[in-house]
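**Student:** Please see the structure below; I have some questions.
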Amino acid sequence: MQRKYNKFLRGHRVPSFYMKNLQKIVLDIAEKNLTNEDFFIADVVVSSETGPCKIFIFLDGDKGVTIDDCVALSRAVANVLEEEDLVDSKYTLDVSSPGVDFPLNSIRQYTKNVGRDVKVTTTDGTDLKGKLTKVTNEGIVLDKEVKKGKKISLEATELAFNEIKKTIVQVSFK
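The numbering used here numbers the first residue of the sequence shown as 3 and each following residue consecutively.
Below you can see the structure in the form of C-alpha coordinates.
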(Lines of atoms letter the chains of each structure in order from A and count residues from 1; the text may use other names and numbers.)
(Lines give C-alpha, C1' and ligand atoms only; values in the text may rest on other atoms or scores of the structure.)
Protein backbone atom coordinates (compact mmCIF):
# COMPACT_ATOMS: atom_id res chain seq x y z
CA MET A 1 0.00 0.00 0.00
CA GLN A 2 1.33 3.39 -0.89
CA ARG A 3 1.59 6.13 1.71
CA LYS A 4 0.25 8.71 -0.76
CA TYR A 5 -3.28 7.86 0.43
CA ASN A 6 -2.40 9.04 3.92
CA LYS A 7 -2.65 12.74 3.06
CA PHE A 8 -6.31 12.28 2.17
CA LEU A 9 -7.22 10.66 5.47
CA ARG A 10 -5.80 13.03 8.12
CA GLY A 11 -8.04 14.49 10.81
CA HIS A 12 -10.42 13.37 13.50
CA ARG A 13 -13.00 12.12 11.03
CA VAL A 14 -12.66 10.95 7.48
CA PRO A 15 -14.30 13.58 5.20
CA SER A 16 -17.32 12.18 3.39
CA PHE A 17 -15.89 12.91 -0.05
CA TYR A 18 -12.96 10.58 0.73
CA MET A 19 -15.16 7.70 1.90
CA LYS A 20 -15.13 6.06 -1.53
CA ASN A 21 -11.34 6.37 -1.68
CA LEU A 22 -10.94 4.69 1.71
CA GLN A 23 -13.51 2.08 0.73
CA LYS A 24 -11.46 1.19 -2.37
CA ILE A 25 -8.24 1.08 -0.36
CA VAL A 26 -9.75 -1.24 2.26
CA LEU A 27 -11.27 -3.47 -0.45
CA ASP A 28 -7.86 -3.75 -2.12
CA ILE A 29 -6.15 -4.59 1.19
CA ALA A 30 -8.81 -7.16 2.09
CA GLU A 31 -8.68 -8.88 -1.30
CA LYS A 32 -4.88 -9.12 -1.13
CA ASN A 33 -5.15 -10.77 2.29
CA LEU A 34 -7.69 -13.48 1.50
CA THR A 35 -6.22 -16.77 2.68
CA ASN A 36 -8.39 -19.11 0.63
CA GLU A 37 -9.43 -18.96 -3.01
CA ASP A 38 -12.98 -19.89 -1.94
CA PHE A 39 -13.24 -16.54 -0.10
CA PHE A 40 -14.39 -13.27 -1.59
CA ILE A 41 -15.33 -9.83 -0.32
CA ALA A 42 -19.10 -9.33 -0.54
CA ASP A 43 -18.91 -5.64 0.39
CA VAL A 44 -16.95 -2.94 2.19
CA VAL A 45 -18.78 -0.11 3.95
CA VAL A 46 -17.06 2.94 5.41
CA SER A 47 -18.95 5.38 7.59
CA SER A 48 -18.07 8.29 9.84
CA GLU A 49 -21.43 9.99 10.27
CA THR A 50 -20.88 10.39 13.99
CA GLY A 51 -17.89 9.52 16.12
CA PRO A 52 -14.98 7.47 14.88
CA CYS A 53 -14.71 6.08 11.37
CA LYS A 54 -16.37 2.66 11.05
CA ILE A 55 -15.09 0.16 8.53
CA PHE A 56 -17.19 -2.94 7.82
CA ILE A 57 -15.87 -5.78 5.66
CA PHE A 58 -18.28 -8.54 4.67
CA LEU A 59 -16.39 -11.76 3.95
CA ASP A 60 -18.13 -14.57 2.10
CA GLY A 61 -17.01 -17.92 0.76
CA ASP A 62 -18.19 -20.47 -1.72
CA LYS A 63 -18.33 -22.95 1.17
CA GLY A 64 -19.08 -20.40 3.91
CA VAL A 65 -16.77 -18.69 6.39
CA THR A 66 -16.03 -19.21 10.06
CA ILE A 67 -15.41 -16.74 12.86
CA ASP A 68 -11.72 -17.68 12.67
CA ASP A 69 -11.67 -16.70 8.98
CA CYS A 70 -13.14 -13.31 9.89
CA VAL A 71 -10.65 -12.81 12.73
CA ALA A 72 -7.70 -13.65 10.47
CA LEU A 73 -8.80 -11.16 7.83
CA SER A 74 -9.50 -8.50 10.45
CA ARG A 75 -5.98 -8.83 11.86
CA ALA A 76 -4.39 -8.74 8.42
CA VAL A 77 -6.31 -5.63 7.33
CA ALA A 78 -5.76 -3.87 10.67
CA ASN A 79 -2.02 -4.52 10.43
CA VAL A 80 -1.80 -2.89 7.00
CA LEU A 81 -3.97 0.06 8.05
CA GLU A 82 -1.72 0.63 11.07
CA GLU A 83 1.62 -0.01 9.33
CA GLU A 84 0.76 2.31 6.46
CA ASP A 85 -0.92 4.85 8.76
CA LEU A 86 -3.90 4.98 6.39
CA VAL A 87 -6.45 6.24 8.90
CA ASP A 88 -5.03 8.89 11.21
CA SER A 89 -8.00 8.98 13.55
CA LYS A 90 -9.95 6.62 15.73
CA TYR A 91 -11.68 3.90 13.78
CA THR A 92 -13.37 0.57 14.28
CA LEU A 93 -12.91 -2.39 11.98
CA ASP A 94 -15.56 -5.10 11.80
CA VAL A 95 -15.16 -8.19 9.63
CA SER A 96 -18.12 -10.54 9.45
CA SER A 97 -19.99 -12.75 7.05
CA PRO A 98 -23.06 -11.29 5.36
CA GLY A 99 -26.23 -11.96 7.35
CA VAL A 100 -29.33 -13.66 6.03
CA ASP A 101 -30.86 -10.28 5.18
CA PHE A 102 -27.78 -9.10 3.28
CA PRO A 103 -28.61 -8.52 -0.41
CA LEU A 104 -26.71 -10.49 -3.02
CA ASN A 105 -24.50 -8.12 -4.96
CA SER A 106 -22.05 -10.21 -6.99
CA ILE A 107 -22.31 -12.97 -9.56
CA ARG A 108 -20.32 -15.16 -7.18
CA GLN A 109 -22.91 -14.67 -4.41
CA TYR A 110 -25.72 -15.45 -6.82
CA THR A 111 -23.92 -18.59 -8.04
CA LYS A 112 -23.34 -19.73 -4.45
CA ASN A 113 -27.10 -19.54 -3.85
CA VAL A 114 -28.38 -21.40 -6.93
CA GLY A 115 -31.13 -23.78 -5.82
CA ARG A 116 -32.28 -21.57 -2.94
CA ASP A 117 -35.46 -19.57 -2.64
CA VAL A 118 -34.96 -15.83 -3.11
CA LYS A 119 -37.00 -12.64 -3.10
CA VAL A 120 -36.06 -10.27 -5.91
CA THR A 121 -37.11 -6.64 -5.91
CA THR A 122 -36.94 -5.22 -9.41
CA THR A 123 -36.03 -1.66 -10.31
CA ASP A 124 -39.72 -0.93 -10.96
CA GLY A 125 -40.61 -2.04 -7.39
CA THR A 126 -42.08 -5.45 -8.19
CA ASP A 127 -41.30 -8.27 -5.74
CA LEU A 128 -40.79 -11.75 -7.17
CA LYS A 129 -40.28 -14.90 -5.11
CA GLY A 130 -38.97 -18.15 -6.46
CA LYS A 131 -36.08 -20.57 -6.74
CA LEU A 132 -32.84 -19.24 -8.19
CA THR A 133 -32.03 -21.77 -10.92
CA LYS A 134 -29.42 -20.16 -13.14
CA VAL A 135 -26.87 -17.35 -13.13
CA THR A 136 -25.13 -15.88 -16.17
CA ASN A 137 -22.94 -12.83 -16.66
CA GLU A 138 -26.05 -10.94 -17.77
CA GLY A 139 -28.61 -11.99 -15.16
CA ILE A 140 -30.49 -14.75 -13.42
CA VAL A 141 -33.30 -17.24 -14.01
CA LEU A 142 -35.92 -17.55 -11.31
CA ASP A 143 -38.47 -20.39 -11.18
CA LYS A 144 -41.61 -18.97 -9.62
CA GLU A 145 -44.86 -20.72 -8.84
CA VAL A 146 -47.79 -19.67 -11.00
CA LYS A 147 -51.35 -20.65 -10.13
CA LYS A 148 -53.61 -21.36 -13.08
CA GLY A 149 -56.95 -22.36 -11.67
CA LYS A 150 -56.29 -25.31 -9.39
CA LYS A 151 -52.96 -26.15 -11.00
CA ILE A 152 -49.66 -24.80 -9.80
CA SER A 153 -46.83 -24.78 -12.30
CA LEU A 154 -43.32 -23.38 -12.40
CA GLU A 155 -42.56 -20.53 -14.73
CA ALA A 156 -38.98 -19.56 -15.55
CA THR A 157 -38.46 -15.82 -15.34
CA GLU A 158 -35.29 -14.27 -16.70
CA LEU A 159 -34.05 -11.06 -15.12
CA ALA A 160 -31.08 -8.98 -16.23
CA PHE A 161 -28.89 -7.65 -13.43
CA ASN A 162 -29.76 -4.08 -14.45
CA GLU A 163 -33.44 -4.91 -13.74
CA ILE A 164 -32.67 -6.06 -10.18
CA LYS A 165 -32.71 -3.62 -7.30
CA LYS A 166 -31.99 -6.24 -4.63
CA THR A 167 -32.10 -9.97 -4.04
CA ILE A 168 -32.46 -11.55 -0.59
CA VAL A 169 -32.11 -15.29 0.10
CA GLN A 170 -35.21 -16.55 1.86
CA VAL A 171 -34.63 -18.64 4.96
CA SER A 172 -36.91 -21.63 5.34
CA PHE A 173 -37.66 -23.17 8.72
CA LYS A 174 -39.56 -26.18 7.34
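Backbone N, C-alpha and C fix where the C-beta goes; we use that ideal spot for every residue, glycine too.
(1) Three or more C-beta pairs closer than 8 Å, one from the segment 167-174 and one from the segment 108-126: is that the case here?
(2) Closer than 8 Å is the cut-off here; do at least three beta carbon pairs connect the segment 105-114 with the segment 135-144?
(3) Given this structure, state the Cα-to-Cα distance separating HIS14 from LYS92, to the nearest angstrom.
(4) Just how far apart, CA to CA, sit GLU33 and PHE42?
(5) Let me check one thing: in DSSP terms, what residues is THR94 bridge-paired to?
(6) When we look at the beta-carbon of SER50 and count the other beta-carbons within 10 Å, is it buried (16 or more) or exposed?
(7) Is THR68 helix, strand or coil by DSSP?
(8) Which same chain residues, not among the five before or five after ILE31, have their C-beta less than 6 Å away from its C-beta?
(9) Based on Cα-Cα distance, which residue from ASP145, GLY101, ILE57, THR159 lies nearest to GLY63?
(10) Is the distance from the Cβ of LYS150 to the Cβ of GLY132 below 8 Å?
(11) Do you know offhand how far ASP96's Cα is from ASP119's?
(12) Assuming GLY141 contacts PHE163 under a Cβ cut-off of 8 Å, what Cβ separation, rounded to an integer in Å, is found between them?
(13) Which word fits ILE69, buried or exposed, when buried means at least 16 other C-beta atoms lie within 10 angstroms of its C-beta?
(14) Could you work out which residue in VAL89, PHE175, SER174, THR52 is closest to GLN25 when comparing CA atoms only?
(15) My output table needs one value for LEU161: the three-state DSSP class, helix, strand or coil.
(16) Beta-carbon within less than 8 Å of THR159's beta-carbon, same chain only, minus the 5 sequence neighbours each way: which residues are those?
**Tutor:** Reading off the structure:
(1) yes
(2) yes
(3) Here residue 14 corresponds to residue number 12 of the sequence shown, with the count starting at 1. Here residue 92 corresponds to residue number 90 of the sequence shown, with the count starting at 1. With a pLDDT of 41 at HIS14, under the threshold of 50, the predicted position of this residue should be treated as unreliable, and no value is reported.
(4) Along the sequence shown, read from residue 1 onward, the residue named residue 33 stands at position 31. Along the sequence shown, read from residue 1 onward, the residue named residue 42 stands at position 40. In a straight line, the C-alpha of GLU33 is about 7 Å away from that of PHE42.
(5) Against the sequence shown, residue 94 aligns to sequence position 92. Answer is LYS56.
(6) Counted from its first residue, the sequence shown places residue 50 at position 48. Under this definition SER50 is a buried residue.
(7) By one-based count along the sequence shown, residue 68 stands at place 66. In the structure shown, THR68 sits in coil (DSSP, three-state: anything other than H, G, I, E or B).
(8) Numbered from its first residue, the sequence shown carries residue 31 at position 29. Once the five neighbours on either side are set aside, the close Cβ partners of ILE31 are VAL79, VAL82.
(9) As a first step, residue 63 is located in the sequence shown; it is residue number 61 there, counting from the start. Considering only alpha carbons, the answer is GLY101.
(10) Mapped onto the sequence shown, residue 150 falls at position 148. Mapped onto the sequence shown, residue 132 falls at position 130. Taking 8 Å as the Cβ cut-off, LYS150 and GLY132 do not qualify as a contacting pair.
(11) Locating residue 96 in the sequence shown gives position 94, where the first residue counts as 1. Locating residue 119 in the sequence shown gives position 117, where the first residue counts as 1. Distance between the alpha carbons of ASP96 and ASP119: 29 Å.
(12) Counting from one through the sequence shown, the residue named residue 141 turns up at place 139. Counting from one through the sequence shown, the residue named residue 163 turns up at place 161. Yes, GLY141 and PHE163 are in contact; Cβ-Cβ is about 5 Å, under 8 Å.
(13) Taking the sequence shown and counting its residues from 1, one reaches residue 69 at position 67. Exposed is the call here.
(14) Position 23 of the sequence shown, counted from the start, is the residue given in the question as residue 25. It is VAL89.
(15) To locate residue 161, count along the sequence shown from 1; it is residue 159. LEU161: strand per DSSP, three-state reduction.
(16) Along the sequence shown, read from residue 1 onward, the residue named residue 159 stands at position 157. Taken in chain order, the residues that qualify are LEU130, GLY132, VAL143, LEU144, ASP145, LYS146.
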